[in-house]
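Worksheet: one structure, shown below.
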Amino acid sequence: MVDLVTLTRWSGDNRIALVGIENPPVNAMSIGVPGGILSALTQVNEADDAIATLIVPGGSGILGGADIKTQGKPWPEEEPNLWELIRDLDTFTKPVGILLRRNALGGGLEISMGCHYRIATEGTKLGQPEVKLGIPPGGGGTQRLPRLVGADRALDMILGGDPIDAAAGLEAGLVDLVVGADGAVDAAAAFMVERAAAGGKPPRARDQAVAVSDPGIFAAAREKAAKRMKGLTAPLVCIDCVEAAANTPFDEGLAFERKLFLECVASDEAAALRHVFFAERQAKKVPGIDKSVEARPLATAAVLGAGTMGGGIALCFANAGIPVTVIERDEAALERGMKRIADTIDGQATKGRITAVEAEHRKSLLSSGIGLEAAAAADIVVEAVFEDMDVKKSIFADLAKITKPGSVLATNTSYLDVNEIAAAAEGRESDVLGMHFFSPANIMRLLEVVRAEKTADDVLTTGLALGARLGKTAVVAGVGHGFIGNRMFQQYNREAEFLLQEGASCAQVDGALTGFGMAMGSFAVRDLAGLDIGWANRKATAHLRPEGARYSTVGDVICEKGWFGQKTGKGFYVYEGRKPSPNPDLEAIIAETAREAGIIPGSVTDKMIAQRCFYALVNEGAKILEEGIALRAGDIDLTFINGYGFPRWRGGPMHWADRIGLPQVLAAIRWFDTKHDFWTPAPLLEKLARANKTFADWDRENA
Ligand code: NAI
């Protein structure tokens, strides 16, 4: 077996011991690594001729933390673990330095803070991202970081979870020296010679006082977290720990952190965030398509339609540095669209989100044209014209002839059959796929990559790779009305509207949903998106509605009055600017439609609202999974988190249902089924509940 930890002497001065960590790819603290480091340090401490140690993570140079592969598995009792390594690092009397390269995040940074000296190469990222996984740093990070950089900076780093670079680390006091990547080991070892020669007790983070700019920073941080990270526990725990660092002796603070860390690790919040973390990794993989299938190179793009979506999609390309041609039918529409795109970029610069130079660069990537010929040379064409099958078919028939061979032809359709659209692209069917962006396309993270019957494997791979390049969370969806997200969202909105007729107000329904953690309520979202879109879809699909099944006409009546939501100032709410207040005319409409449907309103509880709306998502999600429209329950969760504002810390609807227990969810659905239409339990849900299994089990066994 190759040694995980090596002990050598520095060629520049053999009094310096080099402790190498050789555990690719990220030098994680697998079984044997912490123990290896500690025994190497003990040897150095006892060796008469050694004056200091430099720990050098090998290979990539990255210093990992806990090894995820060992999580949940028993750790041999006699083997020191990560926590014990960090606890003991600063007990050595000879100075211990560590070289940080590329990144030291989480446990990696905590190890380094246990050392006496940190030397980082330029650009190395240093951070405590644990909060993103629903936990505080658990290896002394909340105690040592404030001692090194002050409580203010530590709160920023621990609550934001985003790393700082080596230069900022030097300025903040987190690192002692920044060196170039070339010759980094020599420079760091020479620094250790200097420090050892200076003599004195090597500095320990634990001995420093915590600088606090103002005692009010903790209360202010709690207030900010309550607003920006509503519903989350981990940020509050992090604040408590940093406050403890400021107010209690080091060892007490460390014990406090340990206790809260262990509680958080076992929490629903951490389980949900871990689930999302792994779901994001999984979503990039498509069963049956391996790494040998390469994405097609995309150097240029064209977008058809400069409307709401086309404009947003063009922005996505420009923001990612990809030259894009925006194409419209006539000059007037093109001019309007291009102006909106340029205004958005300028707005970003005005708000200071990008520099003026970057804004100019992005605008320079935009070009425009009239007619499909302008798309002839593009590597990918994204169609975002009206939602009309005939229009789309005629466009794809032309694109098949006009565009260069091998270019990818994508449609942004929300509901239409991508197989039918692809069939129109004669001879090019395998180059066609759906790329379903969400509005506003330049902001929303979700991208449904729709795999049609004949979509080539490398075209699908290209869609996923493009998603990543555009900074999206891309999820593979099969062809079916509304794909994954919109199909489920319809069920959720349907229940929300039924609840109005049963006695709830818009504000109560939306309040219950946002209280659960949704970014916005059902009615507020629909008013924002524009009620006319859903109305057109309902009219187009009216023939598909099961005869005699319950149907709420509230949304239709609203649209008949010309109230399309925010854009007309009135919808489920009335608007003054963007501020909603109750629509005074709505109650009468709801009462009238309920009377017509023979529904007698009663009282509706918030719990009932949450169950009806979210169980509707779960039941439809199970059907989607079984039909193969989604590859995994985890993909469905990502869809709802990134496209519909479902709280990430609840892990998505399917994970949330798993935590409740599928038998319990099924029992409620069965009960609803005796009272309302549309509640036939999904066969997959029944099957899993019977076997006392979860959607996560299904993912493990099937995807
Ligand atoms: P829109 O009406 O704002 O824009 C459509 C644009 O396409 C118009 O500017 C129109 O002039 C242009 N156009 C029509 N035929 C054309 C042609 N032959 N060549 C070039 N340009 C042409 O519509 P919107 O909302 O942008 O929707 C576009 C597509 O995106 C639809 O398929 C829609 O279902 C889908 N979508 C819409 C979402 C939304 O929230 N609005 C969300 C996701 C997808």
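Heads up: the sequence shown at position 479 corresponds to 478 in numbering that gives the first Met the number 0, and the numbers run straight through without jumps.
Ideal Cβ placement from N, Cα and C applies to all residues, glycine included.
Residue of P404, P439, D416 and E501 minimising C-alpha distance to E586: Walking along the sequence shown from the start, residue 586 turns up at place 587. Answer by Cα proximity: E501.
Minimum C-alpha distance to G426 - residue among I401, H435 and S438: Numbered from 1 along the sequence shown, position 427 holds the residue referred to as residue 426. That would be I401, whose Cα lies nearest to the Cα of G426.
L147 and I118 closer than 9 Å at C-beta: Residue mapping note: residue 147 aligns to position 148 of the sequence shown, counting from 1. Residue mapping note: residue 118 aligns to position 119 of the sequence shown, counting from 1. Judged by their CB atoms, L147 and I118 are not nearer to each other than the 9 Å cut-off.
Of the listed residues A440, R361 and D456, nearest to I288 (C-alpha basis): Against the sequence shown, residue 288 aligns to sequence position 289. Out of A440, R361 and D456, the CA that lies nearest to the CA of I288 is found in D456.
Contact test: F694 Cβ vs the ligand NAI heavy atom, cutoff 8 Å: By 1-based counting over the sequence shown, the position of residue 694 is 695. At a cut-off of 8 Å, the beta-carbon of F694 does not count as near the ligand NAI: no heavy atom of the ligand is closer than that.
Three or more C-beta pairs below 8 Å linking the segment 295-314 and the segment 663-677: The segment 295-314 and the segment 663-677 do not touch, with fewer than 3 CB-CB distances between them shorter than 8 Å.
Residue span of the beta strand (DSSP E) that contains A473, given as start and end: Here residue 473 is taken as the residue at index 474 of the sequence shown, counted from 1. From DSSP, the beta strand (DSSP E) with A473 extends over T472 to G477.
Reduced DSSP category for V380 - H, G, I as helix; E, B as strand; rest coil: Counted from its first residue, the sequence shown places residue 380 at position 381. Assignment of V380 by DSSP, reduced to helix, strand and coil, places it in the strand class.
Close Cβ partners of Q347 (< 7 Å) along its chain, the five nearest in sequence each way excluded: Here the question's residue 347 lines up with position 348 in the sequence shown. Contacts found: I353 and A358.
Segment contact, 8 Å Cβ cut-off, at least three pairs: the segment 474-483 with the segment 619-635: Counting C-beta pairs closer than 8 Å gives three or more between the segment 474-483 and the segment 619-635, which meets the contact rule.
The segment 216-225 / the segment 177-188 touching (three or more Cβ pairs under 8 Å): Using a C-beta cut-off of 8 Å, the segment 216-225 makes no contact with the segment 177-188, since fewer than three inter-stretch Cβ pairs fall below that distance.
DSSP-derived helix/strand/coil call for M0: Taking the sequence shown and counting its residues from 1, one reaches residue 0 at position 1. Note on M0: pLDDT 46, under 50, position unreliable in the model; no value is reported.
Close beta carbons around A424, own chain, < 8 Å, minus the five adjacent residues each side: Position 425 of the sequence shown holds residue 424. Taken in chain order, the residues that qualify are F395, A396, L398, A399, L408, D430 and V431.
Unbroken beta strand (DSSP E) run spanning P435, endpoints: Indexing the sequence shown from 1 puts residue 435 at position 436. A quick correction: the sequence has His, not Pro, at residue 435. Looking at the DSSP string, the run of the beta strand (DSSP E) that includes H435 is V431 to F436.
Contact check, T41 vs G19, beta carbons under 9 Å: As a position in the sequence shown, residue 41 is number 42, starting the count at 1. As a position in the sequence shown, residue 19 is number 20, starting the count at 1. Contact: no.
Nearest-angstrom beta carbon gap, Y572 and P579 [assumed within contact, 8 Å]: As a first step, residue 579 must be located in the sequence shown, where it is residue number 580. As a first step, residue 572 must be located in the sequence shown, where it is residue number 573. With 8 Å as the limit, P579 and Y572 qualify as a contact, their Cβ atoms being about 4 Å apart.
Whole-number beta carbon distance between G564 and G529, since they are thought to touch under 8 Å: Position 530 of the sequence shown, counting from 1, holds the residue named residue 529. Position 565 of the sequence shown, counting from 1, holds the residue named residue 564. About 5 Å separates the two Cβ atoms, so the contact holds.
Rounded straight-line distance, which links the Cα of N492 to that of V325: For this step, residue 325 is matched to residue 326 along the sequence shown. For this step, residue 492 is matched to residue 493 along the sequence shown. When only Cα atoms are considered, V325 and N492 end up about 34 Å apart.
R194 Cβ short of 8 Å to the ligand NAI heavy atom set: Counting from 1 along the sequence shown, the entry for residue 194 is found at position 195. Checking the Cβ of R194 against the ligand NAI gives no.
Integer Cβ distance of R203 from D89, believed to fall under 8 Å: For this step, residue 203 is matched to residue 204 along the sequence shown. For this step, residue 89 is matched to residue 90 along the sequence shown. That pair is a contact at about 4 Å.
V390 beta carbon near the ligand NAI (any heavy atom closer than 8 Å): Position 391 of the sequence shown holds residue 390. True, at least one ligand heavy atom lies under 8 Å from that Cβ.
Alpha-carbon spacing of Y414 relative to G479, whole angstroms: Residue mapping note: residue 414 aligns to position 415 of the sequence shown, counting from 1. Residue mapping note: residue 479 aligns to position 480 of the sequence shown, counting from 1. Using only the alpha carbons, I get a separation of about 8 Å.
Neighbour-count burial assignment, K560, 16 or more Cβ in a 10 Å radius: Within the sequence shown, residue 560 is the residue found at index 561, counting from 1. Within 10 angstroms of the beta-carbon of K560 lie fewer than 16 other beta-carbons, which makes it exposed.
Own chain partners of M0 with C-beta closer than 7 Å, once the 5 adjacent residues on each side are dropped: Counted from its first residue, the sequence shown places residue 0 at position 1. With a pLDDT of 46 at M0, under the threshold of 50, the modelled position of this residue cannot be trusted; read the value that follows with caution. Closer than 7 Å at Cβ, skipping near neighbours: no residue.
DSSP beta-bridge partners of L176: Taking the sequence shown and counting its residues from 1, the one referred to as residue 176 is at position 177. Answer by DSSP bridge pairing, in chain order: I118.
Neighbour-count burial assignment, W82, 16 or more Cβ in a 10 Å radius: Looking up residue 82 in the sequence shown gives position 83. Buried is the call here.
Nearest-angstrom Cα separation, counted from E447 out to S10: For the purposes of this step, residue 10 is taken as the residue at position 11 of the sequence shown. For the purposes of this step, residue 447 is taken as the residue at position 448 of the sequence shown. Rounded to whole angstroms, S10 to E447 spans 55 Å at the Cα level.
8 Å Cβ shell around P79 - same chain, five flanking residues per side excluded: Translated into positions along the sequence shown, residue 79 becomes position 80. Hits under 8 Å: P33, G34, L37 and D87.
The ligand NAI heavy atom lying under 8 Å from the CB of F385: Sequence index remark: in the sequence shown, residue 385 carries index 386 (1-based). Result yes, Cβ under 8 Å from the ligand NAI.
Residue interval of the beta strand (DSSP E) (run including I15): The count along the sequence shown starts at 1 and reaches residue 15 at position 16. Segment I15 to I20, the beta strand (DSSP E) holding I15.
With 16 other Cβ atoms within 10 Å as the buried cut-off, status of N441: Position 442 of the sequence shown holds residue 441. By the 10 Å Cβ count, N441 comes out buried.
Environment of H781 [buried if 16+ CB atoms lie within 10 Å]: In the structure as shown, the chain begins at 0 and stops at 702. Residue 781 is therefore absent and cannot be evaluated.
Exposed unless 16 or more other CB atoms sit within 10 angstroms - verdict on K471: Taking the sequence shown and counting its residues from 1, the one referred to as residue 471 is at position 472. It is buried - the Cβ of K471 has at least 16 other Cβ atoms within 10 Å.
Near the ligand NAI: S438 beta-carbon under 8 Å from a heavy atom: What you label residue 438 is simply residue 439 of the sequence shown in a count that begins at 1. Checking every heavy atom of the ligand NAI against the Cβ of S438, one is found closer than 8 Å.
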